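Scroll down for the structure; my scribbles are underneath it.
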Amino acid sequence: MKLEIKPLTPALSEDFFDFFDNRAFTDNSPMQPCFCCRPQMTMEQEKTELFGLIEANPGVMPRDIPSFKSTLRKIAEQQILNGDLQGYLAFEKGVSIGWCNANDKENYTTLGICEEIRNAYKSNLNESVKSVLCFEIAPNYRGKGIATALLTHVCEDAKASGFDAVEGYPHLRLQRETFDFIGPARLFEKVGFIKVAEQVNVAIMRKEI
């Protein structure tokens, strides 16, 4: 399989949405609907733009609220245009089959970890860190090394762009989790990351570059 990895740009918006609309969740994943826009949203934005839809439909899963998906999509469209939503798409024969959300650590409003951990591992105030928050691979392509290729590419690009380190925040699990969108700790270990901290069941995985 010949894999091509490209950074997300407005010009690739169609490929991004094609992936999430048609391939990412064909296994009926509970993660849908998703366009990977929430890590870039503040709590106030979520309350204003998303929570009201959920409260107005008590007992209904977000995936079953038509306006919830369309709202997420509009938010993602704007984030891509603004450069807030960043990451990499994996292509096979011109078709988008995988995604990784990766951005400057300071550009995320939440990392799924407490603020003490979030700020603890900066060797100096000027340190630049790239964070990796999400992987999504089309079901038919899982187990073929695509997430590893994406993470490797993130590290190479981060180094070329002058970042000092790359971090990931996987949940620590005793067994494989099919819908583990953050990626397992062993994925990061495979690419040379080491665990520098742990909070409850979340590891801070880091690679100096």
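Numbering (UniProt numbering), first residue to last: 1 to 209. Quick reminder that beta carbons are idealized off the backbone N, C-alpha and C, glycines included. None of the values given here were measured: they were computed from a predicted structure.
P7: not part of any alpha helix (DSSP H); member of the beta strand (DSSP E) spanning L3 to P7, first to last residue. The residues Y88, C100, A102, K130, V132 and V166, in chain order, have a CB closer than 7 Å to that of V154 in the same chain once the five nearest residues on each side in sequence are set aside. T109 is not a Cβ neighbour of T9, given a cutoff of 8 Å. For E44, the uninterrupted alpha helix (DSSP H) run begins and ends at M43 to E46, by DSSP. Annotated three-state conformation of Q32 is coil, per DSSP.
Between Q40 and the set N126, K207, E106 and M1, the nearest pair of CA atoms involves E106. One alpha carbon belongs to C134, the other to P66, and they sit about 24 Å apart.
For F188, the CB contacts under 6 Å within the same chain, skipping 5 residues up- and downstream, are G168 and M205 in chain order. In the DSSP assignment, E167 is bridged to S131 and R206. The beta carbon of I5 sits closer than 6 Å to the beta carbons of Y88, A90 and H153 from its chain, once the five residues preceding and following it are set aside; these are given in chain order.
DSSP places C100 within a strand segment (E or B) once states are collapsed to three. Around the Cβ of L85, a 10 Å sphere holds 16 or more other Cβ atoms; the residue is buried. For E136, the number of other beta carbons within 10 angstroms of its own is at least 16, and it is reported as buried.
S96 and A147 have their C-alpha atoms spaced approximately 13 Å apart.
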